[in-house]
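Novice: Residue numbers (this note's numbering), protein chains in the order written: chain A, 2 to 277; chain B, 2 to 277; chain C, 2 to 277. Ideal Cβ positions, reconstructed from N, Cα and C, are used throughout, including at glycine. I have a structure I would like to understand better, so I am pasting it below and will then ask my questions one at a time.
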Amino acid sequence: MSTEQFHVDEVSPSYWRVTFDNGPVNLLDPDTVEQLAVLVDRIEAAPDLTVVVFRSDTPGYFMAHWDFLSDTSRVVGMPLGPTGLHPYLDNFVRLSRVPVATISEIRGRTRGAGSEFVLATDIRLASERAVLGQFEVGVGAVPGGGPMARLGRLVGRGRALEILLGGEDVPAARAAEYGYVNRLVPDAELERVTDAFARRIAAFDKVAVAGIKQLVDVATLPADDELARGLDAYFATAGRPEHRPFVGLLLEHGLQRPDGVETDLGTAIGRLRQGS
Amino acid sequence: MSTEQFHVDEVSPSYWRVTFDNGPVNLLDPDTVEQLAVLVDRIEAAPDLTVVVFRSDTPGYFMAHWDFLSDTSRVVGMPLGPTGLHPYLDNFVRLSRVPVATISEIRGRTRGAGSEFVLATDIRLASERAVLGQFEVGVGAVPGGGPMARLGRLVGRGRALEILLGGEDVPAARAAEYGYVNRLVPDAELERVTDAFARRIAAFDKVAVAGIKQLVDVATLPADDELARGLDAYFATAGRPEHRPFVGLLLEHGLQRPDGVETDLGTAIGRLRQGS
Amino acid sequence: MSTEQFHVDEVSPSYWRVTFDNGPVNLLDPDTVEQLAVLVDRIEAAPDLTVVVFRSDTPGYFMAHWDFLSDTSRVVGMPLGPTGLHPYLDNFVRLSRVPVATISEIRGRTRGAGSEFVLATDIRLASERAVLGQFEVGVGAVPGGGPMARLGRLVGRGRALEILLGGEDVPAARAAEYGYVNRLVPDAELERVTDAFARRIAAFDKVAVAGIKQLVDVATLPADDELARGLDAYFATAGRPEHRPFVGLLLEHGLQRPDGVETDLGTAIGRLRQGS
Chain A
2 MSTEQFHVDE VSPSYWRVTF DNGPVNLLDP DTVEQLAVLV DRIEAAPDLT
52 VVVFRSDTPG YFMAHWDFLS DTSRVVGMPL GPTGLHPYLD NFVRLSRVPV
102 ATISEIRGRT RGAGSEFVLA TDIRLASERA VLGQFEVGVG AVPGGGPMAR
152 LGRLVGRGRA LEILLGGEDV PAARAAEYGY VNRLVPDAEL ERVTDAFARR
202 IAAFDKVAVA GIKQLVDVAT LPADDELARG LDAYFATAGR PEHRPFVGLL
252 LEHGLQRPDG VETDLGTAIG RLRQGS
Chain B
2 MSTEQFHVDE VSPSYWRVTF DNGPVNLLDP DTVEQLAVLV DRIEAAPDLT
52 VVVFRSDTPG YFMAHWDFLS DTSRVVGMPL GPTGLHPYLD NFVRLSRVPV
102 ATISEIRGRT RGAGSEFVLA TDIRLASERA VLGQFEVGVG AVPGGGPMAR
152 LGRLVGRGRA LEILLGGEDV PAARAAEYGY VNRLVPDAEL ERVTDAFARR
202 IAAFDKVAVA GIKQLVDVAT LPADDELARG LDAYFATAGR PEHRPFVGLL
252 LEHGLQRPDG VETDLGTAIG RLRQGS
Chain C
2 MSTEQFHVDE VSPSYWRVTF DNGPVNLLDP DTVEQLAVLV DRIEAAPDLT
52 VVVFRSDTPG YFMAHWDFLS DTSRVVGMPL GPTGLHPYLD NFVRLSRVPV
102 ATISEIRGRT RGAGSEFVLA TDIRLASERA VLGQFEVGVG AVPGGGPMAR
152 LGRLVGRGRA LEILLGGEDV PAARAAEYGY VNRLVPDAEL ERVTDAFARR
202 IAAFDKVAVA GIKQLVDVAT LPADDELARG LDAYFATAGR PEHRPFVGLL
252 LEHGLQRPDG VETDLGTAIG RLRQGS
C-alpha cells in the first residue's frame, strides 16, 4: 500500500481537516480511489463528526485530474463499492450523502476528476486563484464522475453545457457567477474563512446537520443509475484507440507536470486540437 | 380571537396589499397560522385577483421567526388543512399554488419561519436592508416549513447546504447573488418598484396569470410528501429536551426583542454555541 | 415555398453558422415552422457536425416574436412532427436534443417565440444590446413554446415567475444575472468570441459532444407532455376573442415594425394595458 494521500487532521471529534497530497500536481489515481473509500468509511462511522474540510497545500493545484499514466486494468478490475457502483463513482455518491457537512477549500486548479470530487462535496469556497473545469471533451471523452448530472442541476442546462461541451478552464470569478462554486473568498482569507465556517458547524448538533442534509439530498441529488450511465460513457469513450495519440501529445507538452500545458490546460487543449 | 395580524388593503379587485403586524419583531405564532389559513382561503376565492404584495411596516423586521414562547401543544393539536398537511405547512403549500402572483417586499429581517414564508411566495424583491436566513440548525432543529425542498431547487445544492447547514444571516446582496431573492431594489425605491410591478400584473388577464403559474408549478414545486418529511423532522428535533436550554440562553440575550441577539441572530448563535 | 429564412453557412463539416432573416424585425411565422423542421432534420443527419451557431444580421432584432398577422388556421392544421408534438413544439424539442452543441449569438431583441427559440438552444451568449422577454401574459396568453418548463428549471422558480408573470423586457445584464443567458459578451466582440468558442467545439470528437449532451438532457430537459400542456394552454388563451382588440391596438402603435412599440414592447404593453 502506498503512502496515505489524504492527511486527516482530527481538529476535534466534530471537525476534521483533510489535506490531499499526491505528487507535484495532486493527481487522482487507483490508490486515490482505494484510499478515498477508506476515508469515506471513516467519515460515515464517526459518531460526533459534523464537518469535514478538504484542502491542498500543493502550490497551484487542488487536484489536477485523473492520472493518464495509471494502470487502467487495475481500475477496471476493482470490486464494486457498497452502493453497487464502481468504486470511483461509489466514493463520490457516498461522500455526497455522508451525514456531515463537507467543504472544499479551493485554491489552484481542480479539473476533470478534481472537479468531480469538489462537486461531490457539499459546499465549495474558492479563492480567486482557483480554476475549475471539465476538459474531458477535449480529449475525446465523456466525463465519468457525474458532472453532467451534478452541474446540470447546480448551474442550469445552459451553463452546464457551456462548461462540459466547451471544456474550457473556468476561472474562480466565472465559477462563482455560474454557481459552480458557492462564492469567492479573498485568497489571503481562504483558510481563515473556511475554518471559521467549519468551527461554527462543528458546534451544532449532528441530528440537525444530518437531518437537514438528508432532505436537501432528496431535492437535489441525481439517482445512482443516472451517474452509472455517465461512467459507462466514460469507459466507452476514453478507452477508444483514437483517444491515445492526443493524450500522448499533451504528455509531450507537459501534462501532469506543474508547468507546461498543465497550467492552462483548457486553453492548451483548444490550441493543440485546432493545430495551431 | 386575537387582532388581525394580516392587514389587507384591497387596492382594487385585482390587487391586494397585505401588511403583516405582530408585535415589535413580527413573530409568527399559532394565531398567525390560523389567520393565514383564512387569508389563503380569501385569496383562492377572489375571482378577479391577479396579484398580492406581502410587506411589513415594523422597523427592522419583515417576519422575525416562529415565537419560541408560543403554546406548542396548541400547534401540535391543530386539525389538518385542505391538502391533508398540518396547517403550518398547508398554508405555505396552498399559498405557493394560488392562481395569483404573490410578491414579498422585503425590508429588514426574515429568518426561520419568516424565510419559509417568503419562499412560499412567488417573487422576492429585497431592499439592501433585508436579511434572510435559516438559523434552525443553530438551535438544534431541522427547519419545518420546506426550505430544504425549496432552496435546494431555487439556489442549487451547494448554496442551499451553505444556507441551511451554516445557519448564518444572509444579507440581501448575498441573497441576490445566490438567487434566494430575485434581485436587490434600492431601499428608498422598494415600495415604488414593488407597487409598479404589482399594478402591471393587476392589469393582466387572470386566465393568463393562472395558466402560466400552474405550469411553472409543475416544473418547480416539490411534492407535498417531501415537505411533510421536513415538518416531521422539525417536530422530532425541535421537541428534544436538549433543545430547550440553548433557546433559554438566547431569550436571556434578547431573543424576540427588537434589539439584543435578534439583530444579528445568525452571528450571535454561532458565538454563543462556541462559548465565546 | 417562400424564400429560405435560415441561411446556412457550412463553415466546415463540423461547424455551421445559421443566420435568421425574415423581414425588418425577424418575425417567426408558419413558414419559419416548416423551414426550421427541415433545418433540424439536416442537423440531425449531418454526420460530422458538432456545433451550430444561430445569429441575426437584422439591426435591433434577433427574432422579434410570432407574427400576429399570420394564418392561424394554417398553423392549427399542421401535421404532427416526429415526436408526436405539434411542429411548433416538435422543432424546439428536437433542436434541444440534436447531438450537436447549439449556440445562440444574441444581439437585439428576442421575445416571445424568439425567447422560446433561444431557450431551445444549448448556450446563449448575449451582447449588452440583447433584450429578452416573454410578454405573452400582457396580451392575455400563456406562452406556448415551453418557457414555463425551461425557465423554471434554468433560473429557478422565483425569477421564472417574475419573467413570465411580469412580462417585462429583460435587458442583457439582468438576463445574465438571472441565468436566462449564459453570460454577457461585449457587443464589439460578440462575433469573435462566439466564433472562437464554436471553432473550439468543432475540433472535438462528435462521440464526446453527443455523449455529454445526452446525459445533460437526462438531468435538465422537461418531459414532452409537460411542454404539450403549455402549447394547449397557449391555443386556449391566445385564441380567445378577448385577446384580439388589444393586439389590434398594439398593431396600431407599431407592433411588428422596427420602431414604435416594438422597440420597448414590454414597457409599452404595461403602459397600454394600464390605460396611460
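#1: At a Cβ threshold of 7 Å, is residue 153 of chain C touching chain A?
#2: Starting from the beta carbon of residue 183 of chain B, find every residue of chain C whose beta carbon is closer than 7 Å, and list them in chain order.
#3: Where does residue 270 of chain C fall in DSSP's three states?
#4: Measure how close the beta-carbons of residue 202 of chain B and residue 167 of chain C come, nearest whole angstrom, since I'm counting them as under 8 Å.
#5: Taking Cβ to Cβ, would you say residue 127 of chain A is nearer than 7 Å to residue 173 of chain A?
#6: Can you tell me where the alpha helix (DSSP H) with residue 64 of chain B in it begins and where it stops?
#7: Using the beta-carbon of each residue, which ones in chain C are nearer than 7 Å to residue 107 of chain B?
#8: Could you check which residue in B/83, B/136, B/113, B/65 has the C-alpha nearest to that of residue 274 of chain B?
#9: Please check the pair residue 247 of chain C and residue 141 of chain C, which I expect to be a contact at CB under 8 Å, by giving their CB distance rounded to whole angstroms.
#10: Check the Cβ-Cβ distances between residue 217 of chain A and every residue of chain B, and say whether any is below 7 Å.
#11: Which two residues bound the contiguous beta strand (DSSP E) that contains residue 157 of chain A?
#12: Could you check what DSSP says for residue 91 of chain A in three-state terms: helix, strand or coil?
#13: Using a cut-off of 9 Å between C-beta atoms, extract the partners of residue 61 of chain B located in chain A.
#14: From C/78, C/60, C/35, pick the residue whose C-alpha is nearest to that of residue 93 of chain C; which is it?
#15: Strictly under 7 Å for the Cβ-Cβ distance: is residue 2 of chain C near chain A by that measure?
#16: Cβ of residue 33 of chain C less than 7 Å from any chain B Cβ?
#17: Does the segment 84 to 104 of chain A come within contact of the segment 203 to 216 of chain A, defined as at least 3 CB pairs closer than 8 Å?
#18: Identify which residue in C/226, C/218, C/130, C/82 has its Cα closest to the Cα of residue 223 of chain A.
#19: Mark residue 83 of chain A as exposed unless 16 or more other C-beta atoms lie within 10 angstroms of its C-beta, in which case mark it buried.
#20: Taking C-beta to C-beta, are residue 238 of chain C and residue 143 of chain C nearer than 7 Å?
#21: Can you tell me where the alpha helix (DSSP H) holding residue 197 of chain A begins and where it ends?
#22: Please report the distance separating the alpha-carbon of residue 65 of chain A from that of residue 194 of chain B.
#23: For residue 1 of chain C, name the three-state secondary structure that DSSP assigns.
#24: Taking CB distances under 7 Å as the criterion, tell me whether residue 143 of chain C reaches chain B.
#25: Taking the continuous beta strand (DSSP E) assigned at residue 8 of chain A, which residues delimit it?
#26: Quick one: list the residues of chain A neighbouring residue 173 of chain B, beta-carbon separation under 8 Å, in chain order.
#27: Strictly by DSSP, which residues pair up with residue 53 of chain C?
#28: What are the boundary residues of the alpha helix (DSSP H) that residue 127 of chain A is part of?
#29: Look at residue 17 of chain C and residue 9 of chain C and say whether their C-beta atoms are less than 7 Å apart.
#30: Please list the partners that residue 123 of chain A has in chain B, where partner means a Cβ-to-Cβ separation under 9 Å.
#31: Please tell me whether residue 267 of chain A and residue 123 of chain A are closer than 7 Å, where the distance is taken between their beta carbons.
#32: Is any beta-carbon of chain E found at less than 7 Å from that of residue 111 of chain A?
#33: Given a threshold of 16 other Cβ atoms within 10 Å of its Cβ, counted over all protein chains shown, does residue 260 of chain B qualify as buried or as exposed?
#34: Between residue 15 of chain A and residue 51 of chain A, is the Cβ-Cβ spacing less than 7 Å?
#35: Which bits of chain C does residue 221 of chain B rub up against, with CB to CB less than 8 Å?
#36: Excluding sequence positions up to five away, which residues of its chain have a Cβ less than 8 Å from the Cβ of residue 335 of chain B?
Specialist: The structure says:
#1: Residue 153 of chain C sits at position 152 when you count from the first residue of the third sequence. So no, residue 153 of chain C is outside the interface.
#2: Numbered from 1 along the second sequence, position 182 holds the residue referred to as residue 183 of chain B. Going along chain C in sequence order, the residues near residue 183 of chain B (Cβ under 7 Å) are 159, 160, 163.
#3: Numbered from its first residue, the third sequence carries residue 270 of chain C at position 269. Note: residue 270 of chain C maps to helix in three-state DSSP.
#4: What you label residue 202 of chain B is simply residue 201 of the second sequence in a count that begins at 1. What you label residue 167 of chain C is simply residue 166 of the third sequence in a count that begins at 1. With a beta-carbon spacing of about 6 Å, residue 202 of chain B and residue 167 of chain C fall inside the 8 Å limit used to define contacts.
#5: To locate residue 127 of chain A, count along the first sequence from 1; it is residue 126. To locate residue 173 of chain A, count along the first sequence from 1; it is residue 172. Going by C-beta atoms, residue 127 of chain A is nearer than 7 Å to residue 173 of chain A.
#6: Position 63 of the second sequence holds residue 64 of chain B. First-last for residue 64 of chain B: 62 to 64, but that is the beta strand (DSSP E), not the alpha helix (DSSP H).
#7: Within the second sequence, numbered from 1, the residue matching residue 107 of chain B stands at position 106. Those do not exist, as residue 107 of chain B stays about 12 Å from chain C at its closest Cβ, beyond 7 Å.
#8: Walking along the second sequence from the start, residue 274 of chain B turns up at place 273. Residue B/136 holds the alpha-carbon nearest to the alpha-carbon of residue 274 of chain B among B/83, B/136, B/113, B/65.
#9: Here the question's residue 247 of chain C lines up with position 246 in the third sequence. Here the question's residue 141 of chain C lines up with position 140 in the third sequence. The Cβ separation is near 7 Å, so the contact holds.
#10: For this step, residue 217 of chain A is matched to residue 216 along the first sequence. At least one chain B Cβ lies under 7 Å of residue 217 of chain A.
#11: Translated into positions along the first sequence, residue 157 of chain A becomes position 156. Taken as a continuous stretch (DSSP letters only), residue 157 of chain A belongs to no beta strand (DSSP E), as it is neither H nor E.
#12: Start at 1 with the first residue of the first sequence, and residue 91 of chain A comes out as number 90. In the three-state reduction of the DSSP assignment, residue 91 of chain A falls in the helix class.
#13: Position 60 of the second sequence holds residue 61 of chain B. Neighbours of residue 61 of chain B on chain A: none; closest Cβ ~24 Å, over 9 Å.
#14: As a working mapping, residue 93 of chain C is identified with position 92 in the third sequence. With distances taken between Cα atoms, residue 93 of chain C lies closest to C/35.
#15: As a working note, residue 2 of chain C is residue 1 in the third sequence. Annotation note: pLDDT 47 at residue 2 of chain C (below 50); position unreliable, coordinate value reported separately. So no, residue 2 of chain C is outside the interface.
#16: Here residue 33 of chain C is taken as the residue at index 32 of the third sequence, counted from 1. No, residue 33 of chain C does not count as interfacial toward chain B.
#17: With the rule of 3 Cβ pairs closer than 8 Å, the segment 84 to 104 of chain A counts as touching the segment 203 to 216 of chain A.
#18: For this step, residue 223 of chain A is matched to residue 222 along the first sequence. If you compare the alpha carbons of C/226, C/218, C/130, C/82 with that of residue 223 of chain A, the shortest gap goes to C/218.
#19: Mapped onto the first sequence, residue 83 of chain A falls at position 82. Exposed.
#20: Working through the third sequence from its first residue, we reach residue 238 of chain C at position 237. Working through the third sequence from its first residue, we reach residue 143 of chain C at position 142. Contact flag set, yes.
#21: For the purposes of this step, residue 197 of chain A is taken as residue 196 along the first sequence, with counting starting at 1. Here the alpha helix (DSSP H) through residue 197 of chain A covers 191 to 203.
#22: Here residue 65 of chain A corresponds to residue number 64 of the first sequence, with the count starting at 1. Here residue 194 of chain B corresponds to residue number 193 of the second sequence, with the count starting at 1. Near 48 Å, if we compare the C-alpha coordinates of residue 194 of chain B and residue 65 of chain A.
#23: Limits of chain C in this structure are 2 at one end and 277 at the other, which puts residue 1 of chain C out of reach.
#24: Stepping through the third sequence from its first residue, residue 143 of chain C is reached at position 142. Residue 143 of chain C counts as touching chain B.
#25: Position 7 of the first sequence, counted from the start, is the residue given in the question as residue 8 of chain A. Start and end: 7 to 13.
#26: Your numbering for residue 173 of chain B matches position 172 in the second sequence. What residue 173 of chain B touches in chain A: nothing, since even the nearest Cβ is about 15 Å away.
#27: Position 52 of the third sequence holds residue 53 of chain C. Partner(s): C/17, C/103.
#28: Counted from its first residue, the first sequence places residue 127 of chain A at position 126. Segment 124 to 134 is the beta strand (DSSP E) holding residue 127 of chain A; no alpha helix (DSSP H) there.
#29: By 1-based counting over the third sequence, the position of residue 17 of chain C is 16. By 1-based counting over the third sequence, the position of residue 9 of chain C is 8. The answer is yes: Cβ separation under 7 Å.
#30: Within the first sequence, residue 123 of chain A is the residue found at index 122, counting from 1. Within chain B, 158, 159, 162, 163, 166 have C-beta atoms less than 9 Å from the C-beta of residue 123 of chain A, given in sequence order.
#31: On the first sequence, residue 267 of chain A is found 266 positions in, with the first residue counted as 1. On the first sequence, residue 123 of chain A is found 122 positions in, with the first residue counted as 1. No.
#32: Here the protein chains are A, B and C, and chain E is not one of them.
#33: If you number the second sequence from 1, residue 260 of chain B lands on position 259. Residue 260 of chain B should be labelled exposed.
#34: Position 14 of the first sequence, counting from 1, holds the residue named residue 15 of chain A. Position 50 of the first sequence, counting from 1, holds the residue named residue 51 of chain A. Yes, the Cβ-Cβ distance between residue 15 of chain A and residue 51 of chain A is below 7 Å.
#35: Taking the second sequence and counting its residues from 1, the one referred to as residue 221 of chain B is at position 220. The contacting residues are 153, 154, 157, 158, 161.
#36: This structure cannot settle anything about residue 335 of chain B, because the visible part of chain B is limited to 2 through 277.
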